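Residue numbers (full-length UniProt numbering): 1 to 91. Idealized CB from N, CA, C, for every residue including glycine. Remember, predicted model here, so these are calculated numbers, not experimental data.
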Amino acid sequence: MNKIKENKRIRIIKALAHEERFRILELISKNPMCVCELNEMSEYSQSNISQHLKILRDADLIYPEKDGNKVNYYLADKKIIDLIKTINNLV
């Protein structure tokens with residue numbers, strides 16, 4: 001396997017390995033959200049949510065898009081919804 005693809009695969013798995021990041025992906029898969037909205041639905045601080053979002057961005061799972069004064073986060077690929085469903089069906 002190509003080393004770049006292998007590294008990306010590992011980044012994705014590591015990003016999904018944290019419960020809060022997985023939950024953030026689930027929330028964003030239903031509706032794009034900004035940090036403030038995610039923060040309201042979490043027990044984590046806003047700075048912690050931002051750190052989780054950075055890891056998800058670095059893994060190319062989400063992308064930001066400016067909407068007025070806020071930045072909403074979207075799934076980078078609709079296949080991520082299938083991935084979330086598959087993981088949820090495993091447990």
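When DSSP reads this structure, Ile-62 sits in a beta bridge with Leu-75.
Between Asn-39 and Ile-55, the gap from beta carbon to beta carbon reaches 9 Å or more. Bounds of the alpha helix (DSSP H) holding Val-35 are 35 to 40. The bridge partners DSSP lists for Asp-82 come to none. Separation of the CB atoms of Ala-59 and Ile-12 is rounded to 5 Å, and the pair is thereby assigned contact status at 8 Å. A straight-line Cα-Cα distance of about 5 Å links Pro-32 and Tyr-74. At the C-beta level, Cys-36 and Lys-70 come within 9 Å of one another. Going by beta carbons, Asn-72 and Cys-34 fall inside the 9 Å limit.
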